[in-house]
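Every position in the sequence shown, counted from 1, becomes a number in the working numbering once 1 is added. Using N, Cα and C, we set each Cβ at its ideal position, and we do this for glycine too. As the structure is a prediction and not an experimental result, all values here were calculated from the model. Single-structure report; data block below.
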Amino acid sequence: MFIVFDGVDGAGKSTQLDMFVQWLRDQGHDVVTCKDPGSTELGEQIRKILLDKHDVPISMRAEMMLFTTARTQLIEQVVRPALEKRQIVVLDRYIFSTVVYQGYAGNLDPGELWTINLLATGSLLPDITFILDIPIDVAMERLGNTLDRVESRGKEYFERVRQGFLAESERWPTGVEVIDATRTPDAIQLDIRETALACMQRNSSL
Ligand code: TYD
2 MFIVFDGVDG AGKSTQLDMF VQWLRDQGHD VVTCKDPGST ELGEQIRKIL
52 LDKHDVPISM RAEMMLFTTA RTQLIEQVVR PALEKRQIVV LDRYIFSTVV
102 YQGYAGNLDP GELWTINLLA TGSLLPDITF ILDIPIDVAM ERLGNTLDRV
152 ESRGKEYFER VRQGFLAESE RWPTGVEVID ATRTPDAIQL DIRETALACM
202 QRNSSL
């Protein structure tokens with residue numbers, strides 16, 4: 002089973018992912034967690050280039066290719082082997098992020114980014130993607146002042162990111178759940194667990 006958490010920065014994604022993984026482990030599930038970009042040696046190096054603040058010019062298309070390259074390594078080195086061992090993989094961000102941050106918000110063609118990313122991952126798609134959704138004013142307030150390279154792009158960019166996530170999730174009739182992340186952490190988590198449980202039951206009855 003392959004589960005992804007995604008959404009605009011500041012929506013509480015990491016908190017919800019941690020609560021969810023703890024809940025799965027408490028029930029005795031064998032869970033692997035990873036972060037995109039990251040969780041491989043190559044991925045961590047690419048992550049630094051992409052997210053640390055520096056003066057090296059990186060075009061939007063080059064940025065997209067770097068995120069995608071880190072993802073290829075992650076899928077081949079970590080995700081596929083774990084799924085083959087029947088572990089549950091919970092991944093922090095995935096293809097949606099590239100389609101939205103570099104596509105919808107970065108003015109690259111979302112359709113082309115899907116094509117490249119399906120090629121890059123051997124078309125490995127999650128069983129469920131949770132998109133945590135929150136108004137940008139609230140998200141930016143939560144982020145504070147210590148922003149990484151991508152987070153420093155300002156409110157308009159993030160409005161396009163949010164709308165991109167919402168538009169993209171509408172294109173997927175199943176497997177993508179938009180979660181209202183303005184509620185209390187416990188209420189959000191309950192929603193996530195119920196959806197995951199239903200999906201796990203469906204999977205085990207197949
Ligand atoms: P994130 O994964 O949220 O890490 P942290 O919780 O440590 O801030 O941050 C990664 C940043 O990279 C985030 O601003 C979104 C951005 N990003 C892209 O622009 N494109 C991508 O394909 C991915 C995976 C992330």
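Check, Outcome
"Minimum Cβ-Cβ distance from residue 30 to chain B less than 8 Å", "Included in the structure is just one protein chain, with no chain B present."
"Pairwise C-alpha distance: residue 116 and residue 110", "10 Å"
"Integer Cβ distance of residue 103 from residue 114, believed to fall under 8 Å", "7 Å"
"Distance cut-off 7 Å: residue 52 Cβ against heavy atoms of ligand 1", "yes"
"Per DSSP, the bridge partner or partners of residue 133", "8 and 180"
"Per-residue DSSP class, three states only, for residue 89", "strand"
"Buried versus exposed call for residue 146 [16 or more other C-beta atoms within 10 Å across all chains shown]", "exposed"
"At least 3 beta-carbon pairs within less than 8 Å: the stretch 143 to 159 vs the stretch 43 to 58", "yes"
"Boundaries (first-last residue) of the beta strand (DSSP E) holding residue 57", "Here residue 57 belongs to no beta strand (DSSP E), and DSSP marks it neither H nor E."
"N-terminal and C-terminal residue of the alpha helix (DSSP H) that residue 116 is part of", "111 to 122"
"Ligand 1 heavy atom lying under 7 Å from the CB of residue 158", "no"
"DSSP state of residue 41 mapped onto helix, strand, coil", "coil"
"With 16 other Cβ atoms within 10 Å as the buried cut-off, status of residue 23", "exposed"
"Own chain residues within Cβ distance below 6 Å of residue 158, not counting five before or after", "106"
"Stretch pair the stretch 181 to 193 + the stretch 118 to 134: three plus CB contacts closer than 8 Å", "yes"
"Alpha-carbon spacing of residue 61 relative to residue 29, whole angstroms", "42 Å"
"Whole-angstrom distance between residue 98 and residue 143, CA atom to CA atom", "19 Å"
"Supposed close pair residue 76, residue 122 - CB separation, criterion 8 Å", "5 Å"
"Which listed residue (64, 81, 46 and 136) has its alpha carbon closest to that of residue 162", "136"
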